[in-house]
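Q:
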Amino acid sequence: MALRPLGDRIVVKVLDKEEKTKGGIVIPDTAKEKPQKGEVIAVGTGEIVDGQRVPLEVKVGDKIIFSKYAGTEVKIDEQEYLILRQSDVLAVIE
Amino acid sequence: MALRPLGDRIVVKVLDKEEKTKGGIVIPDTAKEKPQKGEVIAVGTGEIVDGQRVPLEVKVGDKIIFSKYAGTEVKIDEQEYLILRQSDVLAVIE
Amino acid sequence: MALRPLGDRIVVKVLDKEEKTKGGIVIPDTAKEKPQKGEVIAVGTGEIVDGQRVPLEVKVGDKIIFSKYAGTEVKIDEQEYLILRQSDVLAVIE
Amino acid sequence: MALRPLGDRIVVKVLDKEEKTKGGIVIPDTAKEKPQKGEVIAVGTGEIVDGQRVPLEVKVGDKIIFSKYAGTEVKIDEQEYLILRQSDVLAVIE
Amino acid sequence: MALRPLGDRIVVKVLDKEEKTKGGIVIPDTAKEKPQKGEVIAVGTGEIVDGQRVPLEVKVGDKIIFSKYAGTEVKIDEQEYLILRQSDVLAVIE
Amino acid sequence: MALRPLGDRIVVKVLDKEEKTKGGIVIPDTAKEKPQKGEVIAVGTGEIVDGQRVPLEVKVGDKIIFSKYAGTEVKIDEQEYLILRQSDVLAVIE
Amino acid sequence: MALRPLGDRIVVKVLDKEEKTKGGIVIPDTAKEKPQKGEVIAVGTGEIVDGQRVPLEVKVGDKIIFSKYAGTEVKIDEQEYLILRQSDVLAVIE
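Residue numbers (our numbering), protein chains in the order written: chain R, 7 to 100; chain A, 7 to 100; chain H, 7 to 100; chain Z, 7 to 100; chain U, 7 to 100; chain V, 7 to 100; chain L, 7 to 100.
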């Protein structure tokens with residue numbers, strides 16, 4: 007069972023908001039827009055721009071930081087997923 | 007009797023909101039935008055972008071997740087259908 | 007006496023809102039956007055996109071479903087017509 | 007004395023709102039957007055799109071229907087004219 | 007001393023609002039947008055569109071009608087000028 | 007010590023608002039948008055449009071008129087500078 | 007541990023708001039938009055425009071001035087970072 011996102015969309019498994027990465031990235035609790043961490047589960051085939059399909063920059067398995075209020079929630083087997091557009095992804099954690 | 011959608015539009019048969027797919031996708035009841043499931047009944051020929059017709063990524067028979075408040079309702083023989091744009095489709099269920 | 011619509015516009019004869027098509031399409035009375043049926047009477051020559059004129063997908067005689075609040079009303083010989091853009095057409099009834 | 011409109015603009019002589027055309031087009035008095043009739047007096051040379059000048063579809067002498075609230079009024083010798091963009095023209099009366 | 011406008015901008019000398027042209031163009035005092043007359047004093051070199059510079063349609067010395075509330079006022083030697091974009095010019099008086 | 011502006015931005019030294027140029031340009035105090043004078047100190051390399059970098063029309067040393075409320079203030083050695091986009095420049099004073 | 011920003015995004019280390027650069031750039035405390043200083047820590051690979059990837063103008067190590075309210079905060083090892091778009095960068099300090 008899987009979701010195949012369309013265009014420039016990706017499916018993201020939301021990482022536990024309390025967990026810390028080894029490198030110690032902590033999302034601060036401020037008045038600014040708060041990003042959130044996730045792992046990429048599936049990626050679309052990319053959008054067609056000027057007649058060419060532009061493949062996505064993120065790939066399955068990437069740990070990413072994305073805008074907190076972006077996307078649409080779905081649940082698969084009690085696991086919370088989000089369907090985002092790649093433009094909502096801020097950075098990949100390396 | 008059939009509907010032939012124009013451009014990047016598709017005709018979708020809305021799946022019973024209570025039913026569960028075998029894989030167990032449940033649409034959570036949260037404050038976020040709620041997606042809905044459907045089956046693609048007919049697809050348009052695609053939009054013309056930069057002089058080329060871009061065929062749709064979804065095809066007849068696909069089970070899809072789409073944005074709940076998208077589209078226009080029509081009824082054919084007591085069955086509820088929606089006419090959506092492909093951009094309202096979030097993902098294909100595989 | 008005729009109207010020749012410009013660009014991607016079409017002239018539509020509004021079909022009786024009470025009539026049913028043979029296939030039984032009934033436009034439901036819901037809170038969602040309500041489409042309406044009509045017959046295409048005249049079509050424009052299409053818009054020019056990227057230096058090429060894109061002909062319309064609908065043709066004279068097509069029965070169509072369109073967005074109810076779209077277009078501009080005109081009356082010719084006591085018959086109500088609408089001038090729509092093709093983008094307001096949702097689907098062709100076949 | 008004449009006005010030479012720029013780009014995709016046209017100069018329109020507003021036709022008497024009470025007059026009827028031979029074919030009997032009457033503009034209904036409804037809550038919808040009301041179109042108005044006019045005769046094209048002068049046309050611009052067209053806009054430049056993708057490096058090419060696109061000539062106008064309407065020509066001097068055409069009787070047209072246009073969106074009522076469009077354009078800018080000018081008076082020449084007590085005759086009321088409007089300067090419209092071609093995109094405000096709905097159809098040509100033939 | 008002169009102003010060289012940038013891109014698609016022009017410098018316009020505002021003509022006396024009370025004066026009448028020989029042809030008798032009078033700007034009516036209505037609730038609609040009121041145009042104003044002026045003479046073109048200087049023109050920019052045009053905007054670059056799709057890699058090509060598009061020269062302006064108006065030239066120095068043209069008498070024009072433009073949208074009344076457009077542009078930015080400057081005064082040179084007690085004479086009122088306006089810096090407009092060419093898109094604010096409705097027509098050239100010939 | 008210098009600022010190198012990015013893209014189509016320029017760094018402008020604001021000229022004394024009370025000073026008059028030799029030609030007598032006075033910025034009137036009206037309800038309309040008030041322009042302001044300045045001297046160009048540094049220019050960006052231009053924006054990339056359709057795959058080509060478009061160099062700026064203004065150059066270092068130009069005296070310009072720009073929209074008063076445009077840009078971002080910075081101070082270098084007690085001198086007030088503004089970082090503007092070239093599109094906020096109305097004209098060059100020659 | 008590092009962040010790889012996507013597209014035209016950059017990761018910026020915010021410089022101490024009280025510090026002064028050698029050249030004496032002081033960000034004034036006015037009602038206008040206040041810029042802020044930072045050092046570029048990582049840059050994306052650039053956006054794809056018209057089928058070509060446009061590399062960023064700023065590079066790792068650049069000291070920049072950027073719009074104060076731009077971007078998204080993240081903290082790595084108690085150091086505050088911002089993820090910005092290059093379009094939020096006003097100038098490079100040289």
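Ideal placement from N, C-alpha and C gives every residue a C-beta, glycine not left out.
To the nearest angstrom, report how far apart A/Gly-77 and H/Arg-91 are at their CA atoms.
A: Counting from 1 along the second sequence, the entry for residue 77 of chain A is found at position 71. Counting from 1 along the third sequence, the entry for residue 91 of chain H is found at position 85. Their Cα atoms are separated by approximately 18 Å.
Q: Which whole-angstrom value describes the C-beta separation of V/Ile-71 and V/Val-49, a residue pair presumed to lie in contact below a C-beta threshold of 8 Å?
A: Residue mapping note: residue 71 of chain V aligns to position 65 of the sixth sequence, counting from 1. Residue mapping note: residue 49 of chain V aligns to position 43 of the sixth sequence, counting from 1. That belief does not hold up - the Cβ atoms of V/Ile-71 and V/Val-49 are roughly 16 Å apart, past 8 Å.
Q: For L/Asp-68, count neighbouring Cβ atoms within 10 angstroms of its own Cβ and tell me buried if that reaches 16, exposed if not.
A: One-based indexing of the seventh sequence puts residue 68 of chain L at position 62. Classification of L/Asp-68: buried, given that the 10 Å Cβ count is 16 or more.
Q: Considering H/Val-49, what are the terminal residues of the beta strand (DSSP E) in which it resides?
A: As a working mapping, residue 49 of chain H is identified with position 43 in the third sequence. 41-49 is the span of the beta strand (DSSP E), which, as asked, contains H/Val-49.
Q: Taking 8 Å as the threshold (beta carbon to beta carbon), is V/Val-98 in contact with chain U?
A: Counted from its first residue, the sixth sequence places residue 98 of chain V at position 92. Yes, contact with chain U.
Q: Considering only DSSP beta bridges, list what H/Gln-85 is partnered with.
A: Counting from 1 along the third sequence, the entry for residue 85 of chain H is found at position 79. H/Gln-85 pairs with H/Ile-82.
Q: List the endpoints of the continuous beta strand (DSSP E) containing L/Lys-74.
A: Counted from its first residue, the seventh sequence places residue 74 of chain L at position 68. Looking at the DSSP string, L/Lys-74 is not in any beta strand (DSSP E), and its letter there is neither H nor E.
Q: Between R/Glu-45 and the rest of its own chain, which residues show a CB-CB distance below 8 Å, the 5 nearest in sequence each way excluded?
A: Residue 45 of chain R sits at position 39 when you count from the first residue of the first sequence. Val-18, Lys-19, Leu-21, Gly-67, Asp-68, Lys-69, Ile-70.
Q: Below 7 Å on C-beta distance, what does L/Asp-14 contact in chain V?
A: Locating residue 14 of chain L in the seventh sequence gives position 8, where the first residue counts as 1. Residues of chain V passing the Cβ test: none, with the nearest at roughly 11 Å.
Q: Within the same chain, show all residues whose beta-carbon is closer than 7 Å to that of U/Arg-10, passing over the 5 residues directly before and after it, in chain order.
A: Residue numbering aside, residue 10 of chain U sits at position 4 when the fifth sequence is read from its first letter. Cβ neighbours of U/Arg-10 beyond the five flanking positions: Ala-48.
Q: Report, in whole angstroms, the separation of the C-beta atoms of L/Ile-89 and R/Leu-96, which I expect to be a contact under 8 Å.
A: Position 83 of the seventh sequence, counting from 1, holds the residue named residue 89 of chain L. Position 90 of the first sequence, counting from 1, holds the residue named residue 96 of chain R. Sure, about 5 Å apart at Cβ, within 8 Å.
Q: From L/Lys-43 to L/Ser-93, what distance separates their C-alpha atoms?
A: By 1-based counting over the seventh sequence, the position of residue 43 of chain L is 37. By 1-based counting over the seventh sequence, the position of residue 93 of chain L is 87. Cα to Cα, the separation comes out at about 15 Å.
Q: For the beta strand (DSSP E) that A/Gln-58 lies in, which residues bound it at each end?
A: Position 52 of the second sequence, counted from the start, is the residue given in the question as residue 58 of chain A. Taken as a continuous stretch (DSSP letters only), the beta strand (DSSP E) holding A/Gln-58 covers 58-60.
Q: Flag this pair as yes or no: are the beta carbons of H/Asp-14 and H/Gly-52 separated by less than 8 Å?
A: If you number the third sequence from 1, residue 14 of chain H lands on position 8. If you number the third sequence from 1, residue 52 of chain H lands on position 46. Yes.
Q: Taking 8 Å as the CB-CB cut-off, is Z/Pro-41 touching chain H?
A: In the fourth sequence, counting from the first residue as 1, residue 41 of chain Z sits at position 35. It does; some Cβ of chain H falls within 8 Å.
Q: For R/Tyr-87 versus R/Val-98, is the C-beta spacing smaller than 8 Å?
A: Locating residue 87 of chain R in the first sequence gives position 81, counting from the first residue. Locating residue 98 of chain R in the first sequence gives position 92, counting from the first residue. No, Cβ-Cβ distance for R/Tyr-87 and R/Val-98 is not below 8 Å.
Q: Can the beta-carbon of R/Ala-8 be found less than 8 Å from the beta-carbon of A/Glu-100?
A: By one-based count along the first sequence, residue 8 of chain R stands at place 2. By one-based count along the second sequence, residue 100 of chain A stands at place 94. Their beta carbons are under 8 Å apart, which means R/Ala-8 touches A/Glu-100 by this criterion.
Q: Along the stretch 56-84 of chain U, where does the CB come closer than 9 Å to a CB of chain V? Name the residues.
A: Answer set for the stretch 56-84 of chain U: Asp-56, Gly-57, Tyr-75, Gly-77, Thr-78, Glu-79, Val-80, Lys-81, Ile-82, Asp-83, Glu-84.
Q: Does any residue of chain B have a CB that is nearer than 8 Å to the CB of Z/Val-18?
A: You won't find chain B in this structure, because its protein chains are R, A, H, Z, U, V and L.
Q: Answer with yes or no whether the minimum CB distance from U/Leu-9 to chain V is below 8 Å.
A: In the fifth sequence, counting from the first residue as 1, residue 9 of chain U sits at position 3. Cβ-Cβ to chain V under 8 Å: yes for U/Leu-9.
Q: Answer with buried or exposed for L/Pro-61, where buried requires no fewer than 16 other C-beta atoms within 10 angstroms of its C-beta.
A: Counted from its first residue, the seventh sequence places residue 61 of chain L at position 55. Classification for L/Pro-61: exposed.
Q: With a cut-off of 8 Å on the beta carbons, I'd call Z/Lys-65 and Z/Pro-41 a contact; round off their distance for me.
A: Translated into positions along the fourth sequence, residue 65 of chain Z becomes position 59. Translated into positions along the fourth sequence, residue 41 of chain Z becomes position 35. In fact, because the Cβ distance is near 19 Å, the residues do not count as touching under 8 Å.
Q: In chain H, which residues lie with their C-beta within 8 Å of the C-beta of Z/Val-95?
A: The residue labelled residue 95 of chain Z in the question sits at position 89 within the fourth sequence. Under the 8 Å cutoff, chain H gives Leu-12.
Q: Pull up the DSSP beta-bridge partners for L/Val-64, would you.
A: Along the seventh sequence, read from residue 1 onward, the residue named residue 64 of chain L stands at position 58. DSSP, once it has assigned bridges, lists no residue as partnering L/Val-64.
Q: Alpha carbon to alpha carbon, what distance is there between H/Glu-63 and A/Leu-12?
A: Translated into positions along the second sequence, residue 12 of chain A becomes position 6. Translated into positions along the third sequence, residue 63 of chain H becomes position 57. Cα to Cα, A/Leu-12 sits roughly 7 Å from H/Glu-63.
Q: Would you mind reading off the limits of the beta strand (DSSP E) that contains A/Leu-9?
A: To locate residue 9 of chain A, count along the second sequence from 1; it is residue 3. Start and end: 9-11.
Q: Would you verify that the beta carbon of R/Ile-54 is, or is not, closer than 8 Å to some beta carbon of chain A?
A: Here residue 54 of chain R refers to the residue found at position 48 when the first sequence is read from its first residue. Yes, because at least one Cβ of chain A sits closer than 8 Å to the Cβ of R/Ile-54.
Q: Among residues of its own chain, excluding the 5 on either side of U/Arg-59, which ones have a beta-carbon nearer than 8 Å to its beta-carbon?
A: The count along the fifth sequence starts at 1 and reaches residue 59 of chain U at position 53. Around U/Arg-59: Thr-51, Gly-52, Glu-53.
Q: Can you give me the C-alpha to C-alpha distance between Z/Val-55 and V/Val-55, rounded to a whole angstrom?
A: Stepping through the fourth sequence from its first residue, residue 55 of chain Z is reached at position 49. Stepping through the sixth sequence from its first residue, residue 55 of chain V is reached at position 49. Cα-Cα distance, rounded: 15 Å.
Q: So who's on the other strand from Z/Leu-21, going by DSSP bridges?
A: Walking along the fourth sequence from the start, residue 21 of chain Z turns up at place 15. In the DSSP output, where bridge partners are listed per residue, Z/Leu-21 has none listed.
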